[in-house]
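Chemist: Quick one: the structure is below, questions incoming.
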Amino acid sequence: MKGGKMDSNLLTKLRGFIEEDVGTGDVTSIIVDDRVVEAEIVCKEHAVIAGVEEAVALFNLVNCNAETMVRDGNVVEPDTVIMHIHGNARAVLAVERTVLNLLMRMSGIATCTRKYVEIVKSVNPNVKIASTRKTAPGLRLLDKKAVALGGGYMHRLGLYDMVLIKDNHLALVGSVAKAVRLAREMYGSRYRIEVEVRSLKEALEAIESGADMIMLDNLAVDDVAKIVDELKGRGLRDKVMIEVSGGINEDNIRSYARLDVDMISIGRITHSAKAIDMSLEIVM
7 MKGGKMDSNL LTKLRGFIEE DVGTGDVTSI IVDDRVVEAE IVCKEHAVIA
57 GVEEAVALFN LVNCNAETMV RDGNVVEPDT VIMHIHGNAR AVLAVERTVL
107 NLLMRMSGIA TCTRKYVEIV KSVNPNVKIA STRKTAPGLR LLDKKAVALG
157 GGYMHRLGLY DMVLIKDNHL ALVGSVAKAV RLAREMYGSR YRIEVEVRSL
207 KEALEAIESG ADMIMLDNLA VDDVAKIVDE LKGRGLRDKV MIEVSGGINE
257 DNIRSYARLD VDMISIGRIT HSAKAIDMSL EIVM
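Right under this line is the structure:
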């Protein structure tokens, strides 16, 4: 949303969501009287709400009015009415599932993200919770927006906005140093350069080659601690941002957060977040 106006590309995407479900026409709701109704959307559990702006836009696209009771990012308790809808009965029914699917998914991601953010803040307020590219196809920006509403960091949006050299890149290029050098020669300071490393040797190679960030991927807490401590001892810690990723969950995230790292990225906040239970009820 810019200046209260939704981006035209997003509106086109939302229109496509409706068309995907309605297709050539809702053959069930045609049995309903063609009249105006009132409805409400109820959140049935504790949640961080996300997707309100998109829900309003979806209703508007079928000429229904939606009045919001909460804003994106608000925390609600069970049985909270988050929206009132006024419009044609058939139109409301036509977008009901699309609206709920989006609200439930985005709120689930925001709620899951907030849980990890709060855990980490209780241990180390300087560590960010970051998302990954493990999002649903076609929903990248909405999934990432939900992460931000939950207090997380979007990180890179796609392959186009930063260089992230991972294991398969390294297997094809040959070494960390060569990969970083090639990227730096190609882009200069235009893009941040991050490289995935699995050892102190590779971390040192990345820093010496001019990487902006290193990702310590799928390393045990003790191994991450050893690398961070070694970088501190060599006076190199402040020369690079450190991201930790891979296999991080509620049971072990506190241990990683206690280390001197900048960011913890968690795929599960977008690919495995539980959808929040919501319903749309006709009230008049």
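Numbering (the numbering used here), first residue to last: 7 to 290.
C-beta: ideal position from N, C-alpha, C; glycine also.
#1: Considering only the alpha carbon of each residue, which of 145, 229, 129 and 155 lies closest to residue 136?
#2: Can you look up residue 113 in the DSSP assignment and give me helix, strand or coil?
#3: Per DSSP, residue 220 is paired with what?
#4: Under 8 Å between the Cβ atoms of residue 4 and residue 104?
#5: In chain order, what residues of the same chain lie with their CB nearer than 7 Å to the CB of residue 51, ignoring the 5 residues before and after it?
#6: Can you check whether the CB of residue 176 is closer than 8 Å to the CB of residue 182?
#7: Which parts of the stretch 45-99 are runs of the beta strand (DSSP E), unbroken and 3 residues or longer, counting only runs that do not cross its ends?
#8: As a quick exercise: from 77, 115 and 126, pick the residue whose alpha carbon is nearest that of residue 142.
#9: Can you check whether the CB of residue 270 is closer than 8 Å to the CB of residue 126?
#10: Determine the DSSP secondary structure at residue 286, reduced to helix, strand or coil.
#11: For residue 66 and residue 93, what's the separation of their Cα atoms in angstroms?
#12: Ordered along the chain, which non-local residues of its own chain (more than five positions away) have a Cβ less than 6 Å from that of residue 280?
#13: With H, G and I counted as helix, E and B as strand and the rest as coil, what does DSSP make of residue 193?
#14: Identify, in the order they occur along the chain, each residue of the same chain with its Cβ nearer than 6 Å to the Cβ of residue 211, setting aside the five sequence neighbours on each side.
#15: Can you tell me where the alpha helix (DSSP H) holding residue 230 begins and where it ends?
#16: Quick one: is residue 166 buried, meaning 16 or more other Cβ sit within 10 Å of its Cβ, or exposed?
#17: Among all the DSSP beta bridges, which residues are the ones paired with residue 206?
#18: Which runs of the alpha helix (DSSP H) spanning at least 4 residues fall entirely within the stretch 131-161, listed in chain order?
#19: Which of the three DSSP states is assigned to residue 215 in this structure?
Modeler: The structure says:
#1: Along the sequence shown, read from residue 1 onward, the residue named residue 136 stands at position 130. The option with the nearest alpha carbon to residue 136 is 155.
#2: Within the sequence shown, residue 113 is the residue found at index 107, counting from 1. Judged by DSSP in its simplified three-state form, residue 113 adopts helix.
#3: In the sequence shown, the residue the question calls residue 220 occupies position 214. Looking at the DSSP assignment, residue 220 forms a beta bridge with 201 and 248.
#4: No answer is possible for residue 4: the residues shown for the chain start at 7 and end at 290.
#5: If you number the sequence shown from 1, residue 51 lands on position 45. The beta carbon of residue 51 is closer than 7 Å to those of 84, 282 and 283 in its chain, skipping five residues each way along the sequence.
#6: Translated into the one-based positions of the sequence shown, residue 182 becomes position 176. Translated into the one-based positions of the sequence shown, residue 176 becomes position 170. Contact: yes.
#7: Runs of the beta strand (DSSP E) inside the stretch 45-99: 71-74 and 86-94.
#8: As a working note, residue 142 is residue 136 in the sequence shown. Taking only the C-alpha atoms, the option nearest residue 142 is 115.
#9: As a working note, residue 126 is residue 120 in the sequence shown. As a working note, residue 270 is residue 264 in the sequence shown. Yes.
#10: Counting from 1 along the sequence shown, the entry for residue 286 is found at position 280. Looking at residue 286 - three-state DSSP - the assignment turns out to be strand.
#11: Looking up residue 66 in the sequence shown gives position 60. Looking up residue 93 in the sequence shown gives position 87. Their Cα atoms are separated by approximately 9 Å.
#12: The residue given as residue 280 occupies position 274 in the sequence shown. Contacts found: 114.
#13: To locate residue 193, count along the sequence shown from 1; it is residue 187. Three-state result, residue 193: helix.
#14: As a first step, residue 211 must be located in the sequence shown, where it is residue number 205. Residues of the same chain with a CB within less than 6 Å of the CB of residue 211, apart from the 5 flanking positions on each side, are 182 and 183 in chain order.
#15: As a working note, residue 230 is residue 224 in the sequence shown. First-last of the alpha helix (DSSP H) with residue 230: 227-239.
#16: In the sequence shown, residue 166 corresponds to position 160, counting from 1. By the 10 Å Cβ count, residue 166 comes out exposed.
#17: As a first step, residue 206 is located in the sequence shown; it is residue number 200 there, counting from the start. DSSP lists no beta-bridge partner residue for residue 206.
#18: Entirely contained in the stretch 131-161, the alpha helix (DSSP H) runs reaching 4 residues are, in chain order, 146-155.
#19: In the sequence shown, counting from the first residue as 1, residue 215 sits at position 209. In the three-state reduction of the DSSP assignment, residue 215 falls in the coil class, being assigned neither a helical nor a strand state.
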